[in-house]
Structure formats: C-alpha cells, structure tokens
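> Sharing a structure below in structure tokens format, with a few things to ask.
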Amino acid sequence: MHIVQVGMEYDVLRENNKIANSNYRLLKGHGIRAIELMGSIGSGKTSLIIKMAERMRNKGLRVCAIAGDVTGEDDQKRMKESGLDAVNCNTGHECHLDANLVKKSLDSMDLDKYDVIFIENVGNLVCPADFPLGADYRVVVISTTEGDDMVRKHHDIFLHSDIAVLNKIDIADAVGVDPEVIIGDYRKLTGGLKNMYTCSTRTEEGMDEIIAMLGL
Ligand code: MG
Ligand code: ZN
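Numbering (the working numbering), first residue to last: 3 to 218.
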C-alpha cells in the first residue's frame, strides 16, 4: 500500500505529479505520443498493446512499450516475441507504476527511435488512478469476464482515465454478461458525455475505432 498517513500521501502524490509532468515534457521533446494502459490482471492490456502496436507499425509508426509488473518479464517477453520493442519495469512490491519508475525506464531508452510508446501499468484497478505517469492518454481496460459491475465498483479509475475499453466483447454471451449494463454505468458515471469502446483482441473487432480515438 502506498498510503501511510494523510500528510505523507499528499507529498508522495505531489512529487509523483511533478515527475509525471517532466516525463510528459521529455516525451513531447522527442515527438512521442504516450499511451498508458490500466486494468485488472487478465483484462487484456498486453494483448491490446500488441495488437494496436501491430496496426500502428503497419502504418509506418515506430512503436515501443514499457511493460510494468510487480515481478517477472512475461509481458515484456510476449511483446518482444510479437516484434514490439519493449523494456521491463518491475515495481518490486508496489501494486502500481509511479512516475519515477517510468522516468527510469525512459532514461534507459533511445527515445529518438520512436513515435509512440505504450506504458502497461500493473494489473490493478485501484491505486494507478492516483499516479499519473506523464502519458497523453490514460486508457482503462476491463473485460466481460470480470462481470458487469466493474464501473460501479471502481469509479476513480474510470474518472481518472481518458478512454475506457471493454475487451472480450466476443464472449460476453458465454460468460453471461450484458455489455449494455457496463456501457450504461459508464455513461452515467461520466454524465452521459463519454462512450465506452468495445473490442476483442482475439477477433480484433473494435480495434480500429480505438486507434482512431488515439489519433493514430
Ligand atoms: Mg499484462
Ligand atoms: Zn498501488
């Protein structure tokens, strides 16, 4: 847990925001578009990154990724096997990435080589909301397999993100989930102003719409 006491939490968040701003400026200085993905374990963040990166590379964009996890290199390996340049970023104990960890990863990369960077956060729908990393877009990914109550249970992450994606739309019926319930909750939470994107990283339906939303 990152919260020790109220005063300390404030300092930690303020320091994080400062570094996030400098990450943002660093990325802008290199002309890089940065997209952060947040979501539960198993929601399909890594698959979504791999599939979007493939499409972007086909358009001639130079793409890379930071794979954030508590331990292990599984996601980084999957990314690399797909042909995506990726660096690994382990938090050790923390259940979220913070701006300083991302800064260290960025410092280890040759940023002149890329147009787009994906940052995959640790699988978690709670504290990543509090820790911006300096990305242009914060994308939250949920999947039909998580049930129809994710928006009702996790207001903060949806309110702190720019784009919401509902993955595994192809198996909604099989897992007994009505996507309209989730989409309706999201519309209500965002005052009817924002639509949730639906997709399947397996069938690849809905992928083009998300990439268009990102302006890429
Ligand atoms: Mg992953
Ligand atoms: Zn955390």
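Backbone N, C-alpha and C define an ideal beta-carbon position, used for all residues, glycine too.
In this text the structure is predicted, and so the values were computed from the model without any measurement.
Contact check, Gly41 vs Val153 under 8 Å by CB: the rounded distance?
Not confirmed; about 12 Å, so no contact.
> Can you tell me where the alpha helix (DSSP H) holding Ala101 begins and where it ends?
Element bounds for Ala101: 101-109.
> Are the region 101-120 and the region 85-93 in contact at 8 Å, needing three or more beta carbon pairs?
Cβ pair count under 8 Å is three or more, so yes.
> Would you call the region 153-172 in contact with the region 200-207, where contact means no fewer than 3 C-beta pairs closer than 8 Å?
They touch, by the three-pair rule.
> Going by DSSP, name the residue or residues bridged to Gly70.
According to DSSP, which records beta bridges pairwise, Gly70 is partnered with Cys91.
> DSSP on Met40, reduced to helix/strand/coil?
Here Met40 sits in strand by DSSP.
> In whole angstroms, what separates the C-alpha of Asp175 from that of Glu11?
One C-alpha to the other measures close to 42 Å.
> Between which two residues does the beta strand (DSSP E) harbouring Ile165 extend?
Here the beta strand (DSSP E) through Ile165 covers 165-169.
> Whose C-alpha, out of Ile21, Asn18, Ala67, Ser163, is nearest the C-alpha of Ala36?
Here the closest residue by C-alpha is Ala67.
> When DSSP builds the beta bridges, which residues end up paired with Arg140?
According to DSSP, which records beta bridges pairwise, Arg140 is partnered with Glu38.
> Report yes if the C-beta of Lys20 is less than 6 Å from at least one heavy atom of ligand 1; otherwise report no.
Not under cutoff, so the answer is no.
> His156: beta carbon under 6 Å from a heavy atom of ligand 4?
Within the structure as shown, ligand 4 is missing, the only ligands being ligand 1 and ligand 2.
> Would you give the residue range spanned by the alpha helix (DSSP H) that Glu122 belongs to?
Segment 118-122 is the beta strand (DSSP E) holding Glu122; no alpha helix (DSSP H) there.
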